[in-house]
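J.: Each step along the sequence shown adds one to the number in the UniProt record's numbering, with nothing skipped, and position 128 is 128. Glycine residues also receive a C-beta, built at the ideal position from the N, C-alpha and C atoms. Before anything else, here's the structure in question.
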Amino acid sequence: MLPRNSSLTDFHCILVPKEHLPVLTQADEDTWSDLQKLRKVLTRIFEAEEMDCIFLQTSVKLSQRSHAVMQCVPIPVESADMMPMYFKKAIEECETEWSMNKKLVRLTDGGARSCIPKGLPYFAVDFGEQNGYAHVIEDRDRFPEYFGLEVIGSVLDVAPSLWLKPPSETFQEQSKKVMTFENLWTKHDGEKKISS
């Protein structure tokens, strides 16, 4: 799925599990495996285009009506090396100084699903196929849902409106964005890579 408003970067996409989940840490083994396979395929596609990917999970609202997603934000390869440092610093400085949980959780092979207790609000970031960091959100009112997009946007020096309140796009703009992504997916045989 692609963002319905203006994207933070070209080819910004959203991975949405078929199963309705308020948080991805509650995903079953098959759903989690499918997400990781898609993550790997997208990373390889963007590497071939000289881009890197940042994968974001932000689960602030845990109501049964919310549907958990993972965002994939492609970035220029020359910005990729700096991203872990910027995210680490941003996570260490977020929320309050005195928190009950460890501020920065280094993700292991199981990702956020194995490092964050099920049902807790959290933010997680991964860098391509590399594991990243997570943070248990303690004050949902003070933690912005756009946290990860803000870190990326600040590093890439894009307009804050793209993460604060992304402008709407016309039907033509949306169609063009979909066709461009579909052409990239087809060019790199994404469907075949997912199936294998």
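1) When the Cα of V73 is compared with those of D10, T186, K187 and F143, which residue comes out closest?
2) Keeping to the same chain, check which residues put their C-beta closer than 6 Å to that of G132; ignore five residues upstream and five downstream.
3) In whole angstroms, what is the alpha-carbon distance linking L2 and K102?
4) Looking only at its own chain, which residues have a Cβ that is under 6 Å from the Cβ of E150, when we skip the five neighbours before and after it?
5) Which first and last residues belong to the beta strand (DSSP E) in which Y86 is found?
6) Count the CB pairs spanning the segment 168–175 and the segment 137–147 that are closer than 8 Å, and state whether there are at least three.
7) Between which two residues does the alpha helix (DSSP H) harbouring V136 extend?
8) Would you decide whether K192 is buried or exposed? Buried here means 16 or more other CB atoms lie within 10 Å of its CB.
9) So, helix, strand or coil for S59, using DSSP?
T.: Quick answer:
1) D10
2) L107, V125 and D126
3) K102 has its alpha-carbon roughly 33 Å from the corresponding atom of L2.
4) W163
5) Taken as a continuous stretch (DSSP letters only), Y86 belongs to no beta strand (DSSP E), being part of the alpha helix (DSSP H) at M83 to E93.
6) no
7) Counting along the chain, V136 falls outside any alpha helix (DSSP H), though it belongs to the beta strand (DSSP E) covering Q130 to V136.
8) exposed
9) strand
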